[in-house]
Structures are given as C-alpha cells and as structure tokens.
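Numbering (the numbering used here), first residue to last: 22 to 614.
Note that the Cβ used here is the ideal one computed from N, Cα and C, for glycine as well.
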Amino acid sequence: MSGDGPEHDLVNAGASGGRRLMRVEDSLELSRTILHCSKQGLSRTDFLQEVSEALLDLSGCDSVEMRLSDGGLHYRWETTRRPEKRAELELVQWIIRDDGRVLPALPNKTDLEHFCRRVASHDTDPDIPCFTRNGSFFVSDTWEPLARAMPGDKNAETQAACIGGHYRSLAAIRFIVDEKTIGLLLLKSEPAEFFTEESIQFYEGVAQTLGLAIADKRAEAALRERVKELTCLYGIAQIVERPGLSVPQMLHHIVRLLPPSWQFPEITAARIVLDGSSFTTPGFRQSTYRQSANIIVGGRRRGVVEVVYIAQRPEFSAGAFLPEEEKLIVAIAREIALIVEREEAQTERTKLQNQLVHADRLATIGQLAAGVAHELNEPLGSILGFAQLVEKYPDLPAQARQDMERIVRASLYAREVIKKLLVFARQMPPNVIPVNLNRVINDGMQFLEARCAKAGIKVIQNLATDLQEIHADPARLNQILVNLVVNAIQAMPVGGTLTISTNARNGDVVLVVEDSGIGMTDEIVDKIFLPFFTTKDVDEGTGLGLAVVHGIVTSHGGSIDVESRPGDGTRFTVRLPIESPVTRDADDDDQLR
Ligand code: ADP
Ligand code: MG
Numbered sequence: 022m023s024g025d026g027p028e029h030d031l032v033n034a035g036a037s038g039g040r041r042l043m044r045v046e047d048s049l050e051l052s053r054t055i056l057h058c059s060k061q062g063l064s065r066t067d068f069l070q071e072v073s074e075a076l077l078d079l080s081g082c083d084s085v086e087m088r089l090s091d092g093g094l095h096y097r098w099e100t101t102r103r104p105e106k107r108a109e110l111e112l113v114q115w116i117i118r119d120d121g122r123v124l125p126a127l128p129n130k131t132d133l134e135h136f137c138r139r140v141a142s143h144d145t146d147p148d149i150p151c152f153t154r155n156g157s158f159f160v161s162d163t164w165e166p167l168a169r170a171m172p173g174d175k176n177a178e179t180q181a182a183c184i185g186g187h188y189r190s191l192a193a194i195r196f197i198v199d200e201k202t203i204g205l206l207l208l209k210s211e212p213a214e215f216f217t218e219e220s221i222q223f224y225e226g227v228a229q230t231l232g233l234a235i236a237d238k239r240a241e242a243a244l245r246e247r248v249k250e251l252t253c254l255y256g257i258a259q260i261v262e263r264p265g266l267s268v269p270q271m272l273h274h275i276v277r278l279l280p281p282s283w284q285f286p287e288i289t290a291a292r293i294v295l296d297g298s299s300f301t302t303p304g305f306r307q308s309t310y311r312q313s314a315n316i317i318v319g320g321r322r323r324g325v326v327e328v329v330y331i332a333q334r335p336e337f338s339a340g341a342f343l344p345e346e347e348k349l350i351v352a353i354a355r356e357i358a359l360i361v362e363r364e365e366a367q368t369e370r371t372k373l374q375n376q377l378v379h380a381d382r383l384a385t386i387g388q389l390a391a392g393v394a395h396e397l398n399e400p401l402g403s404i405l406g407f408a409q410l411v412e413k414y415p416d417l418p419a420q421a422r423q424d425m426e427r428i429v430r431a432s433l434y435a436r437e438v439i440k441k442l443l444v445f446a447r448q449m450p451p452n453v454i455p456v457n458l459n460r461v462i463n464d465g466m467q468f469l470e471a472r473c474a475k476a477g478i479k480v481i482q483n484l485a486t487d488l489q490e491i492h493a494d495p496a497r498l499n500q501i502l503v504n505l506v507v508n509a510i511q512a513m514p515v516g517g518t519l520t521i522s523t524n525a526r527n528g529d530v531v532l533v534v535e536d537s538g539i540g541m542t543d544e545i546v547d548k549i550f551l552p553f554f555t556t557k558d559v560d561e562g563t564g565l566g567l568a569v570v571h572g573i574v575t576s577h578g579g580s581i582d583v584e585s586r587p588g589d590g591t592r593f594t595v596r597l598p599i600e601s602p603v604t605r606d607a608d609d610d611d612q613l614r
C-alpha cells in the first residue's frame with residue numbers, strides 16, 4: 022500500500038475523525054499482504070514493519086500495536102501514524118503462568134493492560150459489552166466512564182474514566198500462532214466510535230491470518246537454519262577431503278564458512294583458535310554478543326571456535342543466538358577436533374616409521390662399522406707395535422725418530438676411532454653396576470666446568486634430589502655426558518648457557534643437556550646420529566660423538582631425543598630405564614627358580 026493517492030485518503034480518514042468501514046475486500050487484501058510478507062524471508066523487524074504499515078493504511082487506525090511472545094523474545098511493536106509514521110520495538114515482560122501460557126505484563130499496570138491480559142488469556146465475558154462473542158475487546162469511547170459500559174466489573178480502577186489517552190477508540194484482538202504462542206493485536210484510533218462489532222469481526226479474521234503467517238514464517242526460518250547448518254557442515258567435509266591441505270590451511274577455509282550460517286551474516290564474524298594460532302574472518306573483534314565452543318582433542322582443550330555479532334540488533338537483548346546456532350558451533354568445534362586428531366595420528370605414524378627406518382639404518386651401519394673396525398684392528402696393532410719397536414733402535418736418525426713418533430700418534434688416534442666405532446656398534450662389553458646418574462654428572466662436570474668457564478659459558482645444574490640408581494656402565498654414562506657437553510660448548514662459540522638437569526619420570530631416569538647455542542636445521546638433525554657425520558673442521562670433530570652416545574643409550578635400553586632450531590639452541594633428552602632389561606631378565610630368572 023504505497024501509492025500516494027490512497028495513502029493520502031487514509032491519513033485523512035484517520036486524522037479527520039471519519040470512521041472508515043472495513044469491507045470484505047479490505048480484510049482480504051490485508052490477509053493477502055500479510056501472507057505475502059511472510060513468504061519473503063524478511064527479518065523479524067522488517068516483517069513487523071511491513072505488516073503494521075499495511076494494517077495502518079487499510080484500517081485507517083492511528084496506531085497498530087502487536088504483542089508477541091516469540092521464541093523466548095517477548096516484545097511489543099507499535100506503529101503510529103502521528104506525529105509521523107514511526108515504529109518501535111520494545112521488549113516487555115511477560116508472565117508465564119502455571120499452565121505454561123504466556124501473558125503480557127507491561128510494568129505500568131493501567132486498565133488497558135488489565136483488559137489486554139484478559140483478552141490474551143481468553144478470560145472474557147460476553148455479557149460485558151466491551152467483549153465480543155469471540156473474546157475480543159473494544160471500546161467506542163474511552164472518554165466515557167468505563168463503569169457505564171461495564172456494570173458488572175468490580176475493579177475500582179476501571180471506574181476511572183480514560184484508558185486510551187488521546188485515542189478514544191480501542192480494540193484488542195487475540196491471535197494464535199501455535200500452542201505456546203499467543204499474540205495480541207491492538208488497534209487505536211483518535212476519533213470515538215471508530216470500531217463496530219462488525220469491523221472487529223473483520224479484524225479478527227485478519228489477526229488469525231497474522232497468526233498463521235507468523236507460524237509459517239517460523240517454520241520457514243527453521244528450515245532455512247537447518248539448510249544453512251547442513252551447508253556449513255557439508256562445506257567442512259569438502260575442505261577436509263581436499264588433498265594436500267595442512268590443518269592451518271583447512272582452518273583458514275573453514276572459518277569463512279561460519280558467518281553465512283548464522284542468522285545475521287552481514288554482522289557476523291568468526292575466529293578459530295588452535296594451539297595459539299588464530300584464523301579470523303575480516304572484521305573480527307571482541308563483542309558482547311559472543312558464542313563459543315571449545316576444541317577438545319584427547320580430553321585436552323586445544324582451542325576455541327568463536328562467533329560474534331559486531332553490530333547491535335534490537336532483538337539481541339533477549340539473547341542474540343538461536344538454539345540451533347548453539348548446536349552448530351559445538352558441532353563445528355567437534356569436527357575441527359576430529360581433523361586435528363586424524364592429522365596427529367597420521368604424523369605420529371610417519372614419525373614412528375621414520376624412527377624405525379633410522380634405527381634400522383643405524384644398526385646396519387653399526388654392523389658394517391664393527392666389521393671394518395675388527396679388520397683394521399689387527400693391522401693397526403701391527404703398525405703400532407712395529408713402529409714402537411723401530412723407535413727403540415738406538416742410532417735412529419733424528420728425522421726417522423720424529424717420523425716414527427708421528428706414526429705412533431696417528432695409530433693411537435686411529436685406535437681411538439675404532440674403539441668408538443665398536444662402542445657405537447655395541448661390540449664392547451659394558452661393565453654394568455648400580456650407579457647414580459647425579460654422581461656421574463658431578464664427577465664429569467668437575468673436568469668440564471673449567472672448559473665452560475673459559476668459553477664464557479654459564480653452567481646451570483638442576484639435579485633431582487633422591488634420584489634412583491640405575492644399572493649401567495658408569496664409564497659409558499660419563500661418555501654420554503662428555504659428548505653432549507662438548508657438542509654444547511662447541512655450539513656456543515661466543516658463550517651462553519648450558520643447563521644440565523636430571524629427573525625421574527615414568528620409570529626412567531632422564532638426563533637433559535640444553536644449550537643456548539647455534540642450533541640445527543631439520544636436515545642436520547636427521548643425520549646427527551650417523552657415524553662420521555659432522556659439520557665441524559677435521560681437528561674439531563670426527564662425527565662419532567653422537568653415534569657413540571646413541572650406541573650407549575640403546576645398549577642400556579633407553580632412548581634419546583633432540584629438539585633444536587637454528588639460532589635457538591638445542592636440547593638433548595636421554596631416557597634410561599630404572600629397571601634395565603638386563604636386571605629385569607635376572608629378576609625373571611629368580612622367579613623361575
Ligand atoms: P662432531 O661433534 O664430531 O661433529 P657429533 O656426532 O658429536 O660429531 O655431532 C654431529 C653433528 O651434530 C655436529 O657436527 C653438529 O653439526 C651437530 N651437533 C651436535 N650437537 C650439537 C649442538 N649441541 N648444537 C648444535 N649442533 C650440534
Ligand atoms: Mg661431538
């Protein structure tokens with residue numbers, strides 16, 4: 022109803038005091054307009070606006086008011102013709118009665134409210150002339166004392182004159198949306214005698230259409246929400262299926278699916294936080310209207326999914342989010358948790374596989390090294406023995422004696438290398454006794470501390486008190502310590518901090534050697550346990566230190582881990598079982614006997 026002509030007429034009709042008769046065509050036209058609005062997918066306020074304006078125009082009233090208890094939101098909507106066409110939505114208190122019915126309860130208890138409540142609760146009396154046969158209420162002139170119209174009403178307040186303010190005609194009609202939702206349509210007109218019993222019947226028809234339209238709109242909205250929810254979850258499934266995406270890449274895409282699935286996409290922003298990294302849609306910021314669900318992986322909270330409204334809507338004061346949205350955000354958080362879980366299981370599998378391959382390679386190299394070492398040991402023994410014999414000749418020329426000394430020194434060095442290779446290949450019998458790792462560290466560090474001090478390295482020792490003894494070869498444990506510490510010193514050419522800690526955890530005694538040195542790239546870390554792998558000059562390293570450490574640790578049934586980043590230092594963690602496999606075997610034997 023937007024043409025200039027009719028609007029003008031109707032304004033006159035309302036304000037000039039003329040009564041406008043409601044005709045069948047008008048009520049049909051109104052019903053059609055209302056149904057049409059309900060099909061357009063308008064927001065709540067837009068819907069109310071359109072419908073009340075149509076009502077205002079076609080009825081010729083001066084004010085149209087609707088009250089509704091709708092999905093937890095109780096409100097009053099009023100559109101008035103004057104001073105200018107203005108509409109407002111006001112949230113109101115409603116009373117929920119024992120029988121579950123909801124009744125409007127405006128704070129100021131005027132007589133009008135009294136009647137409204139009676140109409141809404143269908144507590145009407147056809148003998149009282151204000152109430153129609155169908156339970157609606159209307160007054161022809163609110164300036165006449167009501168007591169005259171309602172001789173039976175004992176309510177003292179209704180004896181007072183005016184209940185309509187400057188509106189002399191009032192009508193209140195109840196309509197039903199569904200079992201739980203009752204609405205009230207209030208029509209007001211400035212002139213007296215505006216309504217007749219007959220026109221009220223027309224409005225009753227219109228009000229019932231309004232109830233149906235709202236029910237229809239709700240069903241459609243519920244369907245739309247469900248479709249959005251499924252679209253969102255389907256979108257996530259598609260992203261997950263896309264090959265070659267990392268978890269951060271997936272989250273980057275997933276977060277964009279969220280806003281369109283919420284009720285007001287244009288003011289919705291979302292954020293996914295996982296392990297401290299966050300992925301947001303444009304415009305995300307903190308807001309009072311916020312919904313969130315935790316991402317829980319293996320019982321641990323790893324992050325959160327958040328949806329916020331970054332602008333205000335009048336509807337929000339009674340809860341901004343739909344129950345469906347609450348469920349959806351929880352479902353999304355669960356999906357993300359599954360993605361993370363799956364990804365981590367895959368990484369763990371790959372890591373284990375790599376470890377196996379690595380262990381296998383080390384074992385092969387160990388066997389090879391042991392074979393070569395044994396082969397070389399023999400001739401080396403001869404070289405060393407005969408060189409030492411030659412050295413003993415009394416009239417050996419000075420030059421020859423010097424050369425012989427060189428041969429002996431080189432052979433001794435070669436013998437050291439062979440010894441290390443044999444340790445790495447676990448071919449040297451260990452001398453296992455009960456030892457306290459802290460003792461080994463205290464003894465070993467006596468010699469190493471001076472070297473650290475000279476290199477400008479601060480040494481911190483965090484040794485666990487009452488550390489349990491383990492069954493191990495103390496000389497080999499010392500070798501572990503020395504090799505790790507020497508590497509650490511070499512990694513801190515301009516000084517730094519060396520931290521040595523021990524503790525007991527999960528049946529292991531743990532040694533941690535940590536430096537603040539140059540660190541390593543992943544490519545280097547991959548190779549450090551291989552014999553002869555070194556990044557150092559010939560006189561600085563043989564590349565056997567960590568190979569030996571690895572050999573000793575595995576021969577004691579333990580494990581060694583390294584964490585390192587270029588420029589960020591290195592941490593080696595050695596775990597040695599408190600009950601070594603050797604002792605456990607012995608215990609088993611005891612039990613058998
Ligand atoms: P070497 O010390 O003789 O080179 P290792 O087996 O002890 O042999 O070490 C192998 C390589 O591992 C080293 O050359 C070095 O590149 C790297 N490395 C070992 N420990 C550290 C450390 N603490 N910081 C940085 N790099 C290290
Ligand atoms: Mg070394």
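Is residue 493 near residue 597, with beta carbons less than 8 Å apart? Contact: yes.
What are the start and end residues of the alpha helix (DSSP H) that includes residue 529? Annotation for residue 529: no alpha helix (DSSP H) segment contains it, though the beta strand (DSSP E) segment containing it runs 529 to 536.
Counting only runs that start and end within the region 198 to 245, where is the beta strand (DSSP E) found for 3 or more residues in a row? Counting whole runs of 3 or more residues, the region 198 to 245 contains the beta strand (DSSP E) stretches 202 to 210.
Assuming contact is defined by CB atoms lying nearer than 8 Å, are residue 214 and residue 148 in contact in what I supplied? The answer is no: Cβ separation not under 8 Å.
Give the DSSP-derived three-state secondary structure of residue 97 in the structure shown. Of the three classes helix, strand and coil, the one that applies to residue 97 here is strand, per DSSP.
Indicate, with yes or no, if the ligand ADP has a heavy atom lying under 7 Å from the CB of residue 443. Residue 443 Cβ: outside cutoff for every heavy atom of the ligand ADP.
By Cβ distance below 7 Å, which residues in the same chain neighbour residue 617 in space, the five residues on each side in sequence not counted? The first residue shown for the chain is 22 and the last is 614, placing residue 617 beyond what the model contains.
Give the C-beta separation of residue 205 and residue 140 to the nearest angstrom, bearing in mind that I take them to be a contact with Cβ-Cβ under 8 Å. At roughly 7 Å, the Cβ-Cβ gap stays under 8 Å, so residue 205 and residue 140 are in contact.
Note down the Cα distance separating residue 99 from residue 269, rounded to an integer number of angstroms. Going from the Cα of residue 99 to the Cα of residue 269 covers about 49 Å.
Top-ranked residue by Cα proximity to residue 394, from 431, 371, 285, 438: The residue with the shortest Cα to Cα distance from residue 394 is 438.
Scan the region 326 to 379 and note each continuous alpha helix (DSSP H) run of 4 residues or more that stays entirely inside, going in chain order. Within the region 326 to 379, no complete alpha helix (DSSP H) run reaches 4 residues.
Got a sec, what are the start and stop residues for the beta strand (DSSP E) residue 584 sits in? In this chain, the beta strand (DSSP E) harbouring residue 584 covers 580 to 585.
With distances taken Cα to Cα, identify the nearest neighbour of residue 320 among 313, 73, 355. Ranking 313, 73, 355 by Cα distance to residue 320 puts 355 first.
With a cut-off of 8 Å on the beta carbons, I'd call residue 409 and residue 378 a contact; round off their distance for me. The distance from the Cβ of residue 409 to that of residue 378 is about 45 Å, inconsistent with a contact at the 8 Å cut-off.
Assumed close pair residue 587, residue 541 - CB separation to whole angstroms, cut-off 8 Å: About 7 Å separates the two Cβ atoms, so the contact holds.
Which listed residue (421, 533, 431, 327) has its alpha carbon closest to that of residue 560: Checking every option, the nearest Cα to that of residue 560 belongs to 431.
Consult DSSP for residue 541 and reduce its assignment to one of helix, strand or coil. If DSSP states are grouped into helix, strand and coil, residue 541 belongs with coil.
Nearest-angstrom Cα distance between residue 472 and residue 466? C-alpha separation (whole angstroms): 10 Å.
Quick check: the Cα distance between residue 217 and residue 44, rounded to an integer number of angstroms? Approximately 12 Å, taken between the alpha carbons.
Give the secondary structure of residue 575 by DSSP, where H, G and I count as helix, E and B as strand, and everything else as coil. Helix.
Taking 8 Å as the threshold (C-beta atoms), are residue 477 and residue 538 in contact? The criterion of a C-beta distance shorter than 8 Å is not satisfied by residue 538 and residue 477.
Can you tell me whether residue 139 is helix, strand or coil according to DSSP? Residue 139: helix per DSSP, three-state reduction.
CA-CA distance, residue 419 and residue 509? When the Cα atoms are used, residue 419 and residue 509 turn out to be separated by approximately 42 Å.
Pull every residue with its beta-carbon under 6 Å away from any heavy atom of the ligand MG, and keep them in chain order. After applying the 6 Å Cβ criterion, the set is 504, 507, 508, 562, 566.
Which listed residue (497, 490, 70) has its alpha carbon closest to that of residue 599: Among 497, 490, 70, the Cα nearest to that of residue 599 belongs to 490.
Can you list, in chain order, the residues of its chain whose CB lies under 6 Å from that of residue 274, leaving out five sequence neighbours each side? The answer, listed in chain order, is 260.
Under 7 Å from any heavy atom of the ligand ADP, does the C-beta of residue 547 make it? No.
Start-to-end residues for the alpha helix (DSSP H) that takes in residue 515: From DSSP, residue 515 is part of no alpha helix (DSSP H); its letter is neither H nor E.
I'd like to know whether the C-beta atoms of residue 572 and residue 536 end up nearer to each other than 8 Å. Annotated as distal: residue 572 and residue 536, with beta-carbon spacing of 8 Å or more.
Are the region 384 to 403 and the region 344 to 351 touching, with three or more C-beta to C-beta distances below 8 Å? A contact between stretches requires three or more CB pairs, one per stretch, nearer than 8 Å, and the region 384 to 403 fails this requirement with the region 344 to 351.
Using only the alpha-carbon positions, how far apart do residue 237 and residue 59 sit? Each residue's alpha carbon lies about 7 Å from the other.
Shortest alpha-carbon distance to residue 486 belongs to which of 530, 504, 500? Residue nearest to residue 486 within the set 530, 504, 500 is 530 (criterion: CA-CA distance).
Flag this pair as yes or no: are the beta carbons of residue 193 and residue 142 separated by less than 8 Å? Not in contact: residue 193 and residue 142 (Cβ atoms no closer than 8 Å).
Taking a contact to mean a Cβ-Cβ separation below 8 Å, would you say residue 79 touches residue 71 in this structure? Taking 8 Å as the cut-off, the beta carbon of residue 79 is found no closer than this to the beta carbon of residue 71.
According to DSSP, is residue 270 helix, strand or coil? Helix, per DSSP.
Tell me, to the nearest whole angstrom, how far the beta carbon of residue 615 is from that of residue 285; I am working on the premise that it is less than 8 Å. Any answer about residue 615 is impossible in this case: the structure gives the chain only from 22 up to 614.
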